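> This is the structure I want to talk about, given as structure tokens.
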Amino acid sequence: MRVKHVLQVAGVALALLAVLFGCSFGVTIQGRIEQFLEDLNATSRDQLYLNLDPALTDYNSLKDPLYWDGWFPLVGGGTSYFLVNQVTDDSGVTTAIVTADISGPATFLGPKALVIGLVKDGLNWMIHTITLDAIDVVPYNP
Amino acid sequence: MKHTLAAFALMLVAVGLFAVSAKVVDADGPATVRLKSGKSEPVSIGKSYNTGDSIRTGKNGLVELSQEGLTIRVGPSTVFTLLEKELGGKPKGVLAVTLGSVKVKYDRLTGSEPLIQSVGCIAGVRGTELTVWAGTDGASQFIVDSGLVSVEAFGKTVELGPDESVVVLNGEQPGDKFTVHRDQIDHSKWDAGRVEALLADPLVALAGMRERLAYYAANISEYSTRYRDVNSRLKAERERAVKVGEEKGSDAVKEYEREFVTPLVLENASLVLNYRYFGLAALSMRRFVGSRMYLMLKVKFAATPEDLVWTLFAEQFAAFVAEFEKTIMPVLVDADF
Chain A
7 MRVKHVLQVA GVALALLAVL FGCSFGVTIQ GRIEQFLEDL NATSRDQLYL NLDPALTDYN
67 SLKDPLYWDG WFPLVGGGTS YFLVNQVTDD SGVTTAIVTA DISGPATFLG PKALVIGLVK
127 DGLNWMIHTI TLDAIDVVPY NP
Chain B
-10 MKHTLAAFAL MLVAVGLFAV SAKVVDADGP ATVRLKSGKS EPVSIGKSYN TGDSIRTGKN
50 GLVELSQEGL TIRVGPSTVF TLLEKELGGK PKGVLAVTLG SVKVKYDRLT GSEPLIQSVG
110 CIAGVRGTEL TVWAGTDGAS QFIVDSGLVS VEAFGKTVEL GPDESVVVLN GEQPGDKFTV
170 HRDQIDHSKW DAGRVEALLA DPLVALAGMR ERLAYYAANI SEYSTRYRDV NSRLKAERER
230 AVKVGEEKGS DAVKEYEREF VTPLVLENAS LVLNYRYFGL AALSMRRFVG SRMYLMLKVK
290 FAATPEDLVW TLFAEQFAAF VAEFEKTIMP VLVDADF
């Protein structure tokens, strides 16, 4: 009886935790876009590759922050230079496309059309394509 | 030498953004795959592996992979990686054998056969069946069963026909080709010979590895220098584009961007991918050939650390590590380790 009571209390506590921390585990589409933007606005883009689908052909090469600095001029951390104005979110069960405008520092010459393709990898949504004004930044290579 | 390096580097104009995948059709014994995400897992039949994934077999491990029109048999104690690069504007698959033995068989020739790369050289394939051995000391041997294979290292190319073979010592041009007999084809015996050669004259093997490191470093230097130049031009053009926008409006800035900024952005990205390719290749050599070589020699001379050969080897290995730190490390990132 006592064990049953403890299990009931634990169950309620777990349910409360799930509600408090967003009900589901893993990174949502919106969560991924926000994380990508946060990494883009960081002092270094060395964590940016962690938003990408590890199955990408050039995953290893794309770990270099300098690759990203060419596309998105690095100004400095601490400020949200890059802002995304999300236009559409076309979500499927395992793939999704987010279309947005992205603006940044003056030298970024924005706003630009940003299209991010995502794929669900386990519980997490990962980026597997990025185009900027119709130019491939991360092309689709399954 | 410089000319040769430059010519070879020009061939590798850009690292491809294209996919090569191979499906496991058979596996036996211990075999793991290190995915490019950094995660390692056992090789499993039916699973496909992609560019950047690296298969490592144990002492009795065997893995057979199937690509379109191509069968790859990865032998025991082998490190095999699927790579890609762009040659002449077209994507080209690269099968990299860092250590051990790989047999490649083409069901049909399509003209887009992948290159075979070992630590010391690269081979273009016009054949239908060949075996590649990569030795403990960084040496490679190519054995052709049928068709033609051209093996190139440091500007020299050797054409091999059926039952012909060539050995390429690390850091050197290919040797003379010779005829092989079927009963002579035994990788473990060959590698035992390579180990013997390494232990007999470790300074030669180490010199070859340093030569190869110099080749990677020369390419990294070339692409990095070009990257720095393009990057500073890109920054300047971005600033100019901002001024154009202030003076002539948004249409003018978009036109300026298309003409002057975007080409530099694309070149910049291509240069980063190129120097990264050579950096990652050098890291693989240090990990699988250099570290192994050092450990073998350290064990051999454990009881006689004052031996002149060990002293010289240790000194030169320290120089190799210093060269690596100076020339290769700047293009590697924490996530590579």
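Read top to bottom, the protein sequences are chains A and B.
Here the first sequence is numbered in the working numbering, starting from 7 and rising by one per residue.
Here the second sequence is numbered in the working numbering, starting from -10 and rising by one per residue.
All residues carry an ideal CB built from backbone N, CA and C; glycine is no exception.
These numbers come from a predicted model, not from an experiment.
Spell out whether any CB of chain B is found under 7 angstroms from the CB atom of A:Asn130.
On the first sequence, position 124 is the one that residue 130 of chain A refers to. It does not: the Cβ of A:Asn130 has no partner Cβ on chain B nearer than 7 angstroms.
> By DSSP, does B:Phe143 sit in helix, in strand, or in coil?
Within the second sequence, residue 143 of chain B is the residue found at index 154, counting from 1. It is coil, neither helix nor strand.
> Does the beta carbon of A:Thr149 sit closer than 7 angstroms to a beta carbon anywhere in chain B?
Given that chain A is displayed from residue 7 to residue 148, the structure contains no residue 149 of chain A and the question cannot be resolved.
> If the cut-off is 7 angstroms on Cβ atoms, which residues from the stretch 35 to 47 of chain B count as contacting chain A, listed in chain order?
For the stretch 35 to 47 of chain B, which is checked against every Cβ of chain A, the residues closer than 7 angstroms are Asn39, Thr40 and Gly41.
> Does any C-beta atom of chain B lie closer than 7 angstroms to the C-beta of A:Tyr65?
On the first sequence, position 59 is the one that residue 65 of chain A refers to. It does; some Cβ of chain B falls within 7 angstroms.
> I need the DSSP call for B:His176, collapsed to helix, strand or coil.
Here residue 176 of chain B is taken as the residue at index 187 of the second sequence, counted from 1. Looking at B:His176 - three-state DSSP - the assignment turns out to be helix.
> If you draw a straight line from the C-alpha of B:Leu192 to the C-alpha of B:Leu301, how long is it?
Here residue 192 of chain B corresponds to residue number 203 of the second sequence, with the count starting at 1. Here residue 301 of chain B corresponds to residue number 312 of the second sequence, with the count starting at 1. Distance between the alpha carbons of B:Leu192 and B:Leu301 is about 8 angstroms.
> According to DSSP, which residues form a beta bridge with B:Leu23?
Sequence index remark: in the second sequence, residue 23 of chain B carries index 34 (1-based). What sits at residue 23 of chain B in the sequence shown is Arg, not Leu. Looking at the DSSP assignment, B:Arg23 forms a beta bridge with B:Ser29 and B:Ser43.
> Using a Cβ-Cβ cutoff of less than 6 angstroms, which residues in the same chain neighbour B:Glu102 once the five nearest sequence positions on both sides are dropped?
As a position in the second sequence, residue 102 of chain B is number 113, starting the count at 1. Here the set comprises Val114.
> For B:Met318, count the other beta carbons within 10 Å of its own beta carbon; 16 or more makes it buried, fewer makes it exposed. Which is it?
By 1-based counting over the second sequence, the position of residue 318 of chain B is 329. Answer is exposed; the Cβ neighbour count stays below 16.
> Within its chain, find whatever has a CB closer than 8 angstroms to the CB of B:Arg222; leave out the 5 residues flanking it on each side and keep chain order.
Here residue 222 of chain B refers to the residue found at position 233 of the second sequence. Contacts found: Leu253.
> Determine the extent of the beta strand (DSSP E) in which B:Glu153 is found, giving its start and end residues.
One-based indexing of the second sequence puts residue 153 of chain B at position 164. First-last of the beta strand (DSSP E) with B:Glu153: Glu153 to Val157.
> Can you confirm whether the stretch 140 to 153 of chain B touches the stretch 172 to 179 of chain B when touching is taken to mean that 3 or more C-beta pairs between the two stretches lie within less than 8 angstroms?
Touching, no, given that fewer than three Cβ pairs across the two stretches are closer than 8 angstroms.
> In or out: B:Glu228 buried (at least 16 other Cβ within 10 Å) or exposed?
Counting from one through the second sequence, the residue named residue 228 of chain B turns up at place 239. Classification for B:Glu228: exposed.
> May I have the straight-line CA-CA distance separating B:Arg183 from B:Lys48, to the nearest angstrom?
Residue numbering aside, residue 183 of chain B sits at position 194 when the second sequence is read from its first letter. Residue numbering aside, residue 48 of chain B sits at position 59 when the second sequence is read from its first letter. Distance between the alpha carbons of B:Arg183 and B:Lys48: 17 angstroms.
> Does the stretch 7 to 25 of chain B come within contact of the stretch 52 to 62 of chain B, defined as at least 3 CB pairs closer than 8 angstroms?
Judged by Cβ distances under 8 angstroms, the stretch 7 to 25 of chain B makes contact with the stretch 52 to 62 of chain B, as three or more pairs qualify.
> Quick check: A:Leu120 and A:Ile133, are their CB atoms within less than 7 angstroms of each other?
If you number the first sequence from 1, residue 120 of chain A lands on position 114. If you number the first sequence from 1, residue 133 of chain A lands on position 127. No, the pair does not count as a contact, with Cβ atoms beyond the cut-off.
> For B:Glu102, which three-state DSSP category applies?
In the second sequence, residue 102 of chain B corresponds to position 113, counting from 1. Note: B:Glu102 maps to coil in three-state DSSP.
> Note down the Cα distance separating B:Ser239 from B:Ala128, rounded to an integer number of angstroms.
Residue numbering aside, residue 239 of chain B sits at position 250 when the second sequence is read from its first letter. Residue numbering aside, residue 128 of chain B sits at position 139 when the second sequence is read from its first letter. Near 59 angstroms, if we compare the C-alpha coordinates of B:Ala128 and B:Ser239.
> Distance check for B:Leu137 and B:Val322, CA to CA, integer angstroms please.
In the second sequence, the residue the question calls residue 322 of chain B occupies position 333. In the second sequence, the residue the question calls residue 137 of chain B occupies position 148. Taking the straight line from one Cα to the other gives about 39 angstroms.
> Name the residue from B:Gly50, B:Thr46, B:Val22 and B:Glu244 whose alpha carbon lies nearest to the alpha carbon of B:Tyr38.
Here residue 38 of chain B refers to the residue found at position 49 when the second sequence is read from its first residue. It is B:Val22 whose Cα lies nearest to the Cα of B:Tyr38.
> If the cut is a Cβ gap below 7 angstroms, which residues of chain B does A:Leu72 touch?
Stepping through the first sequence from its first residue, residue 72 of chain A is reached at position 66. The contacting residues are Val261.
> Specify, as a first and last residue, the run of the alpha helix (DSSP H) that B:Met282 falls within.
Against the second sequence, residue 282 of chain B aligns to sequence position 293. Element bounds for B:Met282: Ser280 to Lys289.
> So is B:Arg276 in contact with chain A if we call contact Cβ pairs under 7 angstroms?
Locating residue 276 of chain B in the second sequence gives position 287, where the first residue counts as 1. For B:Arg276, the answer is no, since every Cβ of chain A falls outside 7 angstroms of its Cβ.
> Counting pairs of beta carbons, one from the stretch 206 to 214 of chain B and one from the stretch 87 to 107 of chain A, are three or more of them closer than 8 angstroms?
Counting Cβ pairs under 8 angstroms, fewer than three are found: no touch.
> Cα separation between B:Pro19 and B:Val93?
One-based indexing of the second sequence puts residue 19 of chain B at position 30. One-based indexing of the second sequence puts residue 93 of chain B at position 104. C-alpha separation (whole angstroms): 20 angstroms.
> Within the same chain, show all residues whose beta-carbon is closer than 7 angstroms to that of A:Leu46, passing over the 5 residues directly before and after it, in chain order.
Here residue 46 of chain A refers to the residue found at position 40 of the first sequence. Cβ within range, chain order: Leu54, Phe78 and Phe88.
> At which residues does the alpha helix (DSSP H) containing B:Asn263 begin and terminate?
Position 274 of the second sequence, counted from the first residue, corresponds to residue 263 of chain B. Element bounds for B:Asn263: Thr251 to Met274.
> Just the C-alpha distance for A:Thr135 and A:Gly37, rounded to the nearest angstrom, thanks.
The residue labelled residue 135 of chain A in the question sits at position 129 within the first sequence. The residue labelled residue 37 of chain A in the question sits at position 31 within the first sequence. Whole-angstrom Cα-Cα distance: 16 angstroms.
> Output needed for B:Gly50: all residues of its chain with C-beta closer than 6 angstroms, excluding positions within five of it in sequence on either side, in chain order.
The count along the second sequence starts at 1 and reaches residue 50 of chain B at position 61. Only Gly18, Pro19, Ala20 and Pro65 meet the Cβ criterion.
> Whose CA, out of B:Val83, B:Arg45 and B:Lys81, lies closest to the CA of B:Phe69?
Along the second sequence, one-based indexing puts residue 69 of chain B at 80. Cα-wise, what sits closest to B:Phe69 is B:Arg45.
> Go ahead and pull the three-state DSSP assignment for A:Ile141.
Along the first sequence, read from residue 1 onward, the residue named residue 141 of chain A stands at position 135. Note: A:Ile141 maps to strand in three-state DSSP.
> Confirm, please, whether the CB-CB distance from B:Val157 to B:Cys110 is below 7 angstroms.
Your numbering for residue 110 of chain B matches position 121 in the second sequence. Your numbering for residue 157 of chain B matches position 168 in the second sequence. Yes; because the gap between Cβ atoms is below 7 angstroms, this pair is in contact.
> Which ranges would you report for the alpha helix (DSSP H) in the stretch 48 to 96 of chain A if only whole runs of at least 4 residues count?
Entirely contained in the stretch 48 to 96 of chain A, the alpha helix (DSSP H) runs reaching 4 residues are, in chain order, 71 to 77.
> What is the DSSP secondary structure of B:Gln305, counted as helix, strand or coil?
Here the question's residue 305 of chain B lines up with position 316 in the second sequence. It is helical.
> Could you give the first and the last residue of the continuous alpha helix (DSSP H) run that contains B:Asp240?
As a working mapping, residue 240 of chain B is identified with position 251 in the second sequence. It spans Ser239 to Tyr245 - the alpha helix (DSSP H) in which B:Asp240 sits, taken as one unbroken run.
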